[in-house]
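Protein chains in written order, with our numbering: chain W, 63 to 526; chain H, 102 to 604.
Glycine included, each C-beta is placed from N, C-alpha and C at the ideal position.
Each remark here refers to the structure printed beneath this line.
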Amino acid sequence: MKRVIFSFLLSAVPPFLLQAQTNVALIGSDPLWAGVEQNVGRPFPRLISIGLPNVYVGESTTFPSLDTLLRYSSPQDLHQVFPERFYGQLNARFGLLSLGVRVFERHHIRVSGEGMMEGFVEIPRDLPDLILNGNAPYIGDTLDLGIRLRFQSYDRYTLDYVWAAPQYSLGAAIHYYRGWTTVNLMPDQFGLYTHDTTLHLTLMSDATLAATADTALVREWADGNVDSLNVMLDRRSPIGNGIGFSIGGRVRLLGFLNLSGNWANVGTIKWRTGSVYRIKSSYTFRGLDVADVLHNDTAAVQSVIDSVKTAFTPTFSHTSFSTPTTQRFFLRADIVFDQFSFLPVGFVLAGEKNARWRLTYGAYLNMAFLPPLSMTFSASYRPLGVKGRSYKTAAPNINWGLMLHGHIAKVFSYYVGTDNVPWRGIFRGQWDRFRHLDVTAGFALHFGARNPYYKLRIYTDEPR
Amino acid sequence: MKERILFVLLVIGGWWLMGCQPDWNVAADRPPRYAVPLLHGSVSAADIIDTIGERQKVKTAQDGLVSLVFRASTRSKTAEEAFSLPSLPLVLAPGVSTYPVPSFSGVQIYRIDCKGGFLRIVLQQPSAGPLQVTVESPSIVKDNVPFSFSSEVASVNGMVQLDTSVSLQGYTISVPQSSPALTINHSVVDVSTHVPVIPTMFSVVFDSLKFRYMEFSLGTDYTLESFRDTVKIDLMEHIKEGNLFMRDPSLILEVVNEMGAPVKLGFSNVTAYAAATGQSITFLSPLPSLFVNMDPAPGRGDTTYFRYRIDTTNSNLRDVLSLLASEIRYQSLVTMLPTGGTGFVEDTSKVTVTASLHIPLYGYANVTMEKEFEASFTEDMGSMDSLVLYLQLKSDFPLSAEGQLYMVDSQGVVFDSLFAQSGPSLVISPATVALDGTVLQQGVTFMKIAIGRQRAQRLKRLAKLRAVMMLGLHNAASPVAEMKIFDSYRMAIQLSAEITPDL
């Protein structure tokens with residue numbers, strides 16, 4: 063079953079060959095309505111803000127192409143060049159509507175609804191290493207072969223509140239999640255140990271496959287019927303509930319430094335019914351028994367196969383289970399001189415957690431020459447990406463982003479941008495570069511009086 | 102809808118991957134190497150010996166001493182094969198109802214339980230009308246009902262003719278031992294006049310009789326079988342030279358008589374033959390002639406048993422084996438003796454002769470064995486770049502072995518050998534064993550055998566494998582110090598491989 067899942071994943075993941083997924087441009091820009099991921103602790107620009115439909119789709123991965131893998135197929139190279147785990151993810155948000163109101167001067171309340179889709183897969187480096195180099199270089203070691211994956215889709219309804227002062231603001235949001243569907247493969251352990259001298263092989267497994275699907279469908283999928291995944295995902299009514307929170311804030315320091323931080327979408331969804339398979343076992347293969355071979359026992363091979371099957375027979379339960387939501391944080395520092403407020407420069411440390419935290423450093427330059435058209439250029443660097451030598455098919459570590467945003471008629475605002483502009487694809491016709499996909503776009507309406515707390519000030523007296 | 106979009110993305114990704122056309126040649130010079138276990142476990146002396154050949158078996162004494170047993174077994178003809186009953190015709194005379202049972206080959210039959218055969222009734226008589234023919238016999242009974250035949254036979258052209266056979270299956274034919282005669286009542290009557298008729302020819306014939314059980318008396322010797330047999334000592338066939346001393350071998354002759362009659366067996370021409378030297382070896386007294394008289398089996402289903410042991414106390418068997426005898430041959434004559442009363446046989450009754458050579462593994466040996474066997478690689482070895490085998494043996498046996506496996510082509514030319522050097526290599530290290538058989542230190546051997554691509558290619562020429570093995574069974578102190586092999590001794594085997602497939 064693992065083999066089928068692995069082969070399916072391996073065939074499905076490479077299109078997410080993306081390096082960015084940092085939201086640096088998004089964070090650095092001022093797109094006004096991008097949900098709690100931008101900063102829950104920031105006030106609205108005017109009295110009333112209405113968020114219109116917006117979208118964010120981001121993919122990222124550290125998966126190299128097969129060509130690249132083959133080029134670095136010696137164990138030393140693989141371990142030098144590639145991280146311990148290859149990682150790919152797909153996240154999407156579909157903002158439907160939000161309504162925000164500033165009340166009693168400093169208080170801001172907003173409600174919003176979004177559709178969320180999160181998916182990631184994590185393949186240990188040891189797995190392609192085993193295929194490419196075999197287990198002979200790893201005698202006495204355990205190879206980690208556990209693939210982790212999660213896909214889930216849910217709706218998120220948010221009520222958030224911001225308290226603002228001239229030099230700082232604080233915000234918090236609570237989320238209510240309505241889960242639609244999920245598939246989780248979570249091996250706490252799935253490894254192959256090759257013993258010293260005897261070369262005995264021990265396969266260890268403590269893995270759980272949990273899905274909101276009928277048992278039969280999950281079995282079909284595990285048996286290689288890819289179409290059944292489609293059926294599993296095509297759900298007509300939600301079967302999960304959960305709650306979460308986001309917090310954020312910002313502060314002005316030293317007259318020219320804006321610090322802001324945000325921790326968003328921290329929550330859990332409990333799926334009421336699902337199919338949970340668990341395989342917790344280990345089996346040591348010592349070769350065929352000499353006595354069986356001497357006595358020409360042809361059933362010996364089948365006996366080994368049966369033993370493996372028996373050892374790794376999953377236990378099934380039809381029960382509820384929980385999954386965490388994908389959470390993000392960022393810490394941002396902007397250098398802002400009031401006389402050059404149209405040209406801020408900022409630095410960002412951002413992180414995202416699916417299976418584990420993944421960090422990104424970024425910098426951006428915001429050029430707001432004309433109100434209808436502002437531009438934010440960004441550069442981001444992922445330290446956990448593919449490192450070492452450069453090779454043509456791998457994604458670069460440095461990503462260049464561009465976002466366009468602005469106001470039209472002071473009421474209508476828009477933004478559209480990406481954290482990873484496929485420059486080479488655009489200018490050289492190398493369209494395979496468009497594997498990198500990381501885009502966001504949205505619209506909002508703002509009415510009423512200007513909000514004096516929208517931008518942080520250096521003065522402590524009454525806002526202007 | 103959004104889920105469907107994701108699914109489409111996944112499928113597109115798969116397509117993209119398939120179109121990626123990775124350059125597999127990049128990695129061709131660095132194929133993967135897999136380390137896998139092939140065999141494990143431990144085997145006893147019995148496990149090993151049982152698999153070497155089919156003829157020898159292993160027997161373990163109470164103290165655990167292991168013996169090799171080579172067995173040859175043969176049997177006489179069954180009673181059914183030995184006693185082929187002839188047709189017995191009886192001419193029925195008017196007014197006579199008692200007919201003596203004829204004897205054949207000195208066998209006087211008293212009772213036959215028939216599993217087959219017929220009573221053929223033949224009549225010929227000129228007559229204008231039909232005749233009523235009746236034959237009855239209280240000597241022939243089935244389920245306590247006497248045999249009875251009655252038929253009205255029509256006249257054809259003034260002649261009444263009858264020739265019919267009645268099955269005797271399930272009938273018992275018995276006669277008194279005091280006067281072995283059958284009682285047969287018969288009559289022929291004219292149907293129209295009810296007047297008895299004396300036919301010109303009227304007879305019955307016991308035809309194709311097959312017995313399930315028979316009682317009889319025998320007046321003279323009746324030869325059942327004369328045969329030769331050979332106890333083949335497989336292991337010795339492959340010994341080319343060397344010293345061998347087994348302390349206490351024995352050859353046991355066993356005879357089982359299922360016949361209800363006394364039997365005489367004569368063993369003669371007991372000789373041995375050594376394949377290594379091509380010489381015949383003579384057994385000393387009391388062999389080569391041995392005669393045995395056996396009592397009859399006491400009852401149906403019973404047997405009588407005779408056992409004769411030839412060992413170092415009454416023969417030169419030990420010397421015969423030291424001369425590397427690979428066969429022991431003998432001749433046997435089985436004769437049934439006069440019964441002196443009533444004897445009996447079942448149809449399957451026979452005399453079985455078994456000769457077993459027991460060789461307790463107690464002694465010393467320094468022998469060179471050689472064996473060739475057919476071998477060829479039908480599998481394509483091209484899918485493998487290299488194979489390295491790792492063999493580890495941990496032995497309790499006070500037995501050393503050096504060997505080599507030569508690969509021979511169809512022209513008989515040796516083109517390769519398992520071990521790199523041309524001569525034998527150490528295969529099994531001997532354990533250090535105390536006088537009482539306690540293993541003081543295991544013998545440990547580790548072998549690494551590499552089969553590279555070129556060597557694998559050469560294996561295509563393989564037609565035969567020639568194994569040469571030098572075995573030593575003795576303790577470290579002296580090559581003629583005797584050792585014992587116990588069934589508690591085991592050899593742990595661990596065979597693993599490092600395989601490099603050719604991608």
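Sequence-ordered contacts of the stretch 337 to 352 of chain W with chain H read F347, R348, G349, L350, D351 and V352 [C-beta pairs closer than 7 Å].
By DSSP's assignment, E176(W) forms a beta bridge with G157(W) and R218(W). Of the candidates Y238(W), H169(W), R168(W) and L263(W), the residue whose Cα lies closest to the Cα of E599(H) is L263(W). Rounded to the nearest angstrom, the gap between the Cα atoms of A136(H) and A273(W) is 36 Å. With distances taken between CA atoms, G177(W) lies nearest to S215(W) out of G162(W), E167(W), V370(W) and S215(W). It is roughly 58 Å from the alpha-carbon of M360(H) to the alpha-carbon of S597(H). Within chain H, the residues placing a beta-carbon under 7 Å from that of A198(W) are R134, Y135, A136 and E599, ordered along the chain. DSSP places A582(H) outside any alpha helix (DSSP H), giving it a letter other than H or E. Around the Cβ of K585(H), a 10 Å sphere holds 16 or more other Cβ atoms; the residue is buried. W333(W) is positioned such that its CB atom lies no closer than 8 Å to that of S308(W). Rounded to whole angstroms, the separation of the alpha carbons of F106(W) and R512(W) is 9 Å. Straight-line measurement puts the Cα of A154(W) at about 35 Å from the Cα of M266(W).
Counted as a single uninterrupted DSSP element, the beta strand (DSSP E) harbouring T546(H) occupies residues G544 to I552. For L263(W), the C-beta contacts it makes with chain H under 9 Å involve A136, V137 and P138, in order along the chain.
Neighbours of I193(W) across chain H, judged by C-beta separation under 8 Å: P133. With respect to chain H, the C-beta atom of L159(W) has no partner C-beta closer than 8 Å.
For T321(H), the three-state secondary structure derived from DSSP is coil.
For Q512(H), the number of other beta carbons within 10 angstroms of its own is below 16, and it is reported as exposed.
Boundaries of the beta strand (DSSP E) around M437(H): E428 to M437. When the Cα atoms are used, M337(H) and T175(H) turn out to be separated by approximately 22 Å. Uninterrupted alpha helix (DSSP H) stretches at least 4 residues long and entirely within the stretch 266 to 348 of chain H occur at 335 to 338, given in chain order. Chain-order list of chain H residues neighbouring I201(W): A136, by C-beta distance under 8 Å.
Beta bridge pairing from DSSP links E599(H) with A136(H) and V489(H).
The beta carbon of L109(W) sits closer than 6 Å to those of R164, G510 and A511, all from its chain and outside the five residues before and after it, given in chain order. Chain order gives no chain W residues near H459(H), where near means a beta carbon separation below 9 Å; the closest approach is about 23 Å.
By the neighbour-count definition (other C-beta atoms within 10 Å, threshold 16), A146(H) is a buried residue. Listed in chain order, the positions of the stretch 353 to 366 of chain W with a beta carbon within less than 9 Å of a beta carbon of chain H are A353, D354, V355, L356, H357 and N358.
Proximity of chain H to T256(W) at the Cβ level (cut-off 7 Å) is accounted for by A136, in chain order. Judged by beta-carbon spacing, G218(H) lies within the 8 Å limit of L269(H), meaning their Cβ atoms are closer than that value.
Residue contact with chain H for T260(W): present (Cβ-Cβ distance below 8 Å to some residue of chain H). Shown here, R401(H) sits in coil according to DSSP, grouped into three states, outside any helix or strand.
The Cβ of Q595(H) sits closer than 8 Å to at least one Cβ of chain W.
Here the alpha carbons of L139(H) and S496(H) stand approximately 19 Å from one another. Residue nearest to V356(H) within the set L519(H), V159(H) and K451(H) is K451(H) (criterion: CA-CA distance). Across the stretch 503 to 523 of chain H, no CB contact with chain W closer than 7 Å is found for any residue. Within the same chain, V357 come within 6 Å of Y406(H) by CB-CB distance, once the 5 residues on both sides are set aside.
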